[in-house]
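Inspection log for the structure reproduced underneath, given as structure tokens.
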Amino acid sequence: MRSVVWSLMTVAAVALAGCSNSSSPSSSAPASDGSTAAAPAGPATSVSGTVTLRGDIKPSPQDSLEIKLVDATAQGSAPLATKTISPATTFPQSFELNFNAADVAANDMYVVQATLTDGDRHYTMPLQAPVLTQGHATANIAIELAPEQTPGEKLLVQFQAVQKQIGGMKRSSGTQLEKDASRAWQVFRDGGQVKFIRELVDYGDKGFTSTDYAYKDGKPWVVQQQKKASQSASATSTDTAGWGDDGSLVLKTHQAGGNTQPLSDDDANNLQQQANTILKLATGGKGK
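Just so we're aligned, residue 0 is where the sequence shown starts under numbering that gives the first Met the number 0, counting upward by one.
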């Protein structure tokens, strides 16, 4: 009789234990192949990747890299995240942008925008970098930045285009003998306005200069001056200065010995004064 009672109690305990185990929550469920399936991931709270520069470029220690996560659908809205790295002298440059997942609209398109500023030089993205929604990645985002022309470089290209066009312009010429120099020039007009003057000045044993002056609206626009030992010699230096529509100096370079350096403001002002002087001389004071 005693053995029967113990058996019934044992059975009851086992049954209770089984019920307890079957009702307890489980963090994972067995998959069909017997493995354990991972719990679904939560919404993304960051995007990350690297920024590289196109070409063999070495930014200066004064550069600044700005990276933003923006909603391209809601244009004009504030970025979800922004990061500034200054200086950013090592590339590829890694980044991570953290944001509040609640701020993400599932149907909007999000992109990473990156710009590098290094003095007058700006580097921008030729291609967009969509992320986060619509099946786009949130990690290992590869961004490439390409250099844009500086305002000075754009001005130089425009000046060189005018240089190539002077053959089709109306031409006049003149000369002047001075105490220490022999001066000659050609004036090129288009539509009754002086567009270009080419001046040659022989200073004897002190050297020779060949200068191209371009004008816009009767004012010096770009001046490029070569200095030589003699007229037939190669240039020892080339100074170039150019001014924007507002009169600001945007192009200033000094080339000598295969190196290019910024032209000083004083030297640029001197070229501008020379441009005004030759314009008056070559036009009899009319300026056109």
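Where is the CB? At the ideal position from N, CA and C, for every residue including glycine.
**OP:** Please state if the CB of Ala240 and the CB of Ala267 are separated by a distance shorter than 9 Å.
**Re:** Pairing Ala267 with Ala240 gives a Cβ-Cβ distance under 9 Å.
**OP:** Identify whether Leu262 lies in helix, strand or coil by the three-state DSSP scheme.
**Re:** Looking at Leu262 - three-state DSSP - the assignment turns out to be coil, as it is neither helix nor strand.
**OP:** Let me know the secondary structure DSSP gives Asp102 once reduced to three states.
**Re:** Three-state DSSP puts Asp102 in a helix.
Original post:
For Phe158, which of helix, strand or coil comes out of DSSP?
Top reply: Three-state result, Phe158: helix.
Original post:
In terms of DSSP beta bridges, what is Thr44 paired with?
Top reply: Answer by DSSP bridge pairing: none, since Thr44 is not bridged.
**OP:** Under 7 Å Cβ to Cβ from Ala136, same chain only, skipping five residues before and after it: list those, please.
**Re:** Answer for Ala136: Val130, listed in chain order.
**OP:** Give me the Cβ distance between Thr132 and Asp102, rounded to the nearest whole Å; I'm assuming they're in contact under 8 Å.
**Re:** Not quite, the Cβ-Cβ distance comes to about 12 Å (not below 8 Å), so this is no contact.
Original post:
Hey, Val222 and Leu270 are a contact pair by Cβ (cut 8 Å); roughly how many whole angstroms apart?
Top reply: About 4 Å separates the beta carbon of Val222 from that of Leu270, a gap short enough to meet the 8 Å contact definition.
Subject >> Proximity below 9 Å, CB of Leu262 to CB of Leu155 >> reply: Going by C-beta atoms, Leu262 is not nearer than 9 Å to Leu155.
Original post:
Residues in its own chain within less than 8 Å of Gly151 by CB, not counting five upstream and five downstream?
Top reply: Within the same chain, Gly151 has close Cβ partners Asp119, Gly241, Val249, Leu250, Lys251 and Thr252.
Original post:
Count the other CB atoms within 10 Å of the CB of Ala274; is the residue buried (16 or more) or exposed (fewer)?
Top reply: By the C-beta density criterion, Ala274 is buried, having at least 16 other C-beta atoms within 10 angstroms.
**OP:** Go ahead and label Thr210 buried or exposed: buried means 16 or more other beta carbons lie within 10 angstroms of its beta carbon, across all protein chains shown.
**Re:** It is buried - the Cβ of Thr210 has at least 16 other Cβ atoms within 10 Å.
**OP:** Would you mind working out which of Arg53, Lys287, Gly54 and Asp189 sits nearest His218, comparing C-alpha positions?
**Re:** Before going further, note that residue 218 is Lys rather than His in the sequence given. Put simply, of Arg53, Lys287, Gly54 and Asp189 the residue whose alpha carbon is nearest the alpha carbon of Lys218 is Lys287.
**OP:** Return helix, strand or coil for Pro150, following the three-state DSSP convention.
**Re:** Pro150 falls in the helix class under three-state DSSP.
Original post:
Do you know whose CA, among Asp264, Ala43 and Asp216, lies nearest Ala190's CA?
Top reply: The amino acid occupying residue 190 in the given sequence is Gly; Ala does not appear at that position. For the residues Asp264, Ala43 and Asp216, the minimum Cα distance to Gly190 belongs to Asp216.
Original post:
So, are the CB atoms of Gly206 and Lys226 less than 9 Å apart?
Top reply: Taking 9 Å as the Cβ cut-off, Gly206 and Lys226 qualify as a contacting pair.
**OP:** With a 10 Å radius around its C-beta and 16 neighbouring C-beta atoms as the bar for buried, classify Pro91 as buried or exposed.
**Re:** With fewer than 16 other Cβ atoms within 10 Å, it is exposed.
Original post:
Do the CB positions of Ala104 and Ala73 come within less than 9 Å of each other?
Top reply: With respect to Ala73, Ala104 sits close: the two C-beta atoms are nearer than 9 Å.
**OP:** Let me know if Glu198 comes out buried or exposed under the rule of 16 or more other beta-carbons within 10 Å of its beta-carbon.
**Re:** Buried.
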